[in-house]
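Just below is one structure, and these are the notes that go with it.
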Amino acid sequence: MRTSISGSCSARRGIAAAMVAAALLVTAACGDSGNEPAVAADGEEPAGNDKPTSETQPAAEMRDVTVALPVPLGLFWSPYIIAAEKFYPEMGINVDLPSVDGSASVAQQISTGNAFAGSVSVRETYAAQAAGGEVMAIAAFGRGLINRVSVPDNSPIKSLADLKGKAIGVPSASDGSVALVKQLMEEAGISEDEYEIPAVGAGGPAVAAAFDSGRIAAYAHGLSDIPALKVNAGMTLRSLMPEKYQALPAEGFVVSEKSMADPKDREVAINLVRGYFLGAWFLQEHPEEAKEIVCGVIPSDCTDDEYVNATLELVSEKFAPDKDGKAGAFDYDNIKILLDMTLGEELTVPVEEAFNGTFLDAINDGLLEQAGT
């Protein structure tokens, strides 16, 4: 059975997801509701015969699974695309990748059972768990804060403190980077009346023009703006983010507590994570073949070869796990830093409940060996 991928701009959208008001997703098959074993505490393996398995032999039947994304399928989701083409089928998984409106919506769809799993920001993962959504992240995806404040590489500005009296551009007035700018400037001891936050659009010629004209001295942006500015405007950015933010996690792979309590669902979730990491490593080690796979699925995203190469290189750098460590491991200290920066309120549940490391051993069991083959 062919893997289906939806949510892209290409003709190969796969199985069409019935989405109403950008919320309703294809319903994923879930475990039985009765007599479910409890989810193991952090650091413990599930008891008895419920221990997760990392075996990925071809299955007699394919399991249709919906993995929701916070934004439409594109180059930054390349590890999923590669996994869907190369790894998930041999795991017995037929994955659908629709998008909804942001991480909070992804968490909601998982909580209500309309999606089996999804990629969710650290903030929204914790917020969903704290609100009683009964969801958890079982692995961390990416390293380094996705949003950042940067200046052109040749700028004389060396730190956030140098932005006093300056303008810091953002993609739009409603963009999440606005809150980031305010938080960072407050930490730098600069009050809101001592800087401006004009909206200058997404990364590209308009942002470069705002820099060249002196309208802005810095730009708050996401990862996708880095290759866009480099390719479309010939501008290389330099991050001003303080050292403590350099290792912050990007997002987590989130599933419901109910799924992780069911042996069959748990194995599917573990294999989804394994496939993602295998896809990220494949992108890193076989860039040309990976590019061919990705652009075959989302050709409309691949019209500019230079931009594609720059973006895939960045994805490889940020989302391929370090093979010397444990893939998907949670850095709880940095998670707390990020939550303190973005949540704006006291933590009401332990972070270990929202970011559950119980299943990392099963995720990593034989993973490097499988990547080698």
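FYI, the numbering for the sequence shown is -28 to -1, 1 to 345, going by mature numbering (1 follows the signal peptide of the UniProt record, and there is no 0).
Beta carbons: idealized from backbone N, C-alpha and C, even for Gly.
Where TYR191 sits in the DSSP three-state scheme:
strand
Counting only runs of 3+ residues fully inside the stretch 99 to 134, write out the beta strand (DSSP E) ranges in chain order.
107 to 115 and 120 to 124
Excluding the 5 residues flanking LEU319 on each side, which residues of the same chain have their C-beta closer than 7 Å to its C-beta?
LEU311
Between the Cα of VAL94 and the Cα atoms of LEU340, GLU223, ASP73 and ASP294, which residue gives the shortest distance?
GLU223
Beta carbon of LEU284, beta carbon of LEU47: below 8 Å?
yes
Residue ranges of each alpha helix (DSSP H) run of no fewer than 4 residues wholly in the stretch 194 to 242, ordered along the chain?
197 to 205 and 229 to 233
Contact set for ALA282: own chain, Cβ-Cβ below 7 Å, skip 5 residues either direction
PRO199, LYS202 and VAL203
Tell me GLY85's beta-bridge partners as DSSP assigns them.
Answer is none; GLY85 lacks a bridge partner.
Can you name the residues that DSSP bridges to ALA171?
VAL142
For SER71, which of helix, strand or coil comes out of DSSP?
strand
Strand pairing of SER93, partner residues [DSSP]:
GLU223
Within a Cβ cutoff of 7 Å, which residues of the same chain sit near ILE307, ignoring the five residues on either side of it in sequence?
VAL94, PRO221, VAL323 and PHE327
If you check the beta carbons only, do LEU332 and GLY297 fall under 8 Å apart?
no
Among the residues of its own chain, which have a CB less than 6 Å from the CB of GLY74, if the five just before and after it don't count?
PRO42
Measuring only the C-alpha atoms, how far is PRO143 from ALA182?
12 Å
Which residue or residues does DSSP assign as beta-bridge partners of ALA40?
GLY90
Check whether the stretch 125 to 145 touches the stretch 257 to 268, taking contact to mean three or more Cβ pairs, one atom from each stretch, closer than 8 Å.
no
I'd like to know if the stretch 183 to 194 and the stretch 146 to 162 are in contact, where contact means that at least 3 CB-CB pairs between them fall below 8 Å.
yes
ALA139 beta carbon less than 8 Å from that of ARG210
no
With a 10 Å radius around its C-beta and 16 neighbouring C-beta atoms as the bar for buried, classify THR25 as buried or exposed.
Annotation note: pLDDT 42 at THR25 (below 50); position unreliable, no value reported.
Give me, in chain order, the residues of the same chain whose beta-carbon lies closer than 8 Å to that of VAL78; leave out the 5 immediate sequence neighbours on both sides.
ALA40, LEU41, PRO42, VAL72, ALA87, GLY90, SER91, VAL92, GLU96 and VAL226
Looking at THR208: is its Cβ nearer than 8 Å to the Cβ of ASP303?
no
Please confirm whether residue 349 and PRO51 have their CB atoms less than 8 Å apart.
The structure shown does not extend to residue 349, since the chain is modelled only from -28 to 345, so the question has no answer here.
Start and end of the alpha helix (DSSP H) containing LYS308?
304 to 314
Can you find at least 3 beta carbon pairs, one from the stretch 213 to 220 and one from the stretch 232 to 239, that sit closer than 8 Å?
no
Does ALA79 come out as helix, strand or coil in the three-state DSSP assignment?
helix
Buried versus exposed, by CB contacts within 10 Å (16 or more), GLU164
exposed
Would you report the Cα separation of ASN66 and TYR60, rounded to the nearest angstrom?
7 Å
8 Å CB neighbourhood of MET34 in its chain, flanking five on each side removed:
MET(-28), PRO61, GLY64, ILE65 and ASN66
Under the three-state DSSP convention, the category ASN328 falls into:
coil
According to the Cβ coordinates, are PHE113 and TYR279 closer than 8 Å?
no
For TYR98, which residues of its own chain have a beta-carbon under 6 Å away from its beta-carbon, when the five flanking residues on both sides are left out?
LEU311 and ALA326
Using 10 angstroms around the beta-carbon of ASP273, count the other beta-carbons present and answer buried if the total reaches 16, otherwise exposed.
buried
By a C-beta neighbour count over all protein chains shown, 10 Å radius and 16 as the cutoff for buried, is GLY141 buried or exposed?
buried
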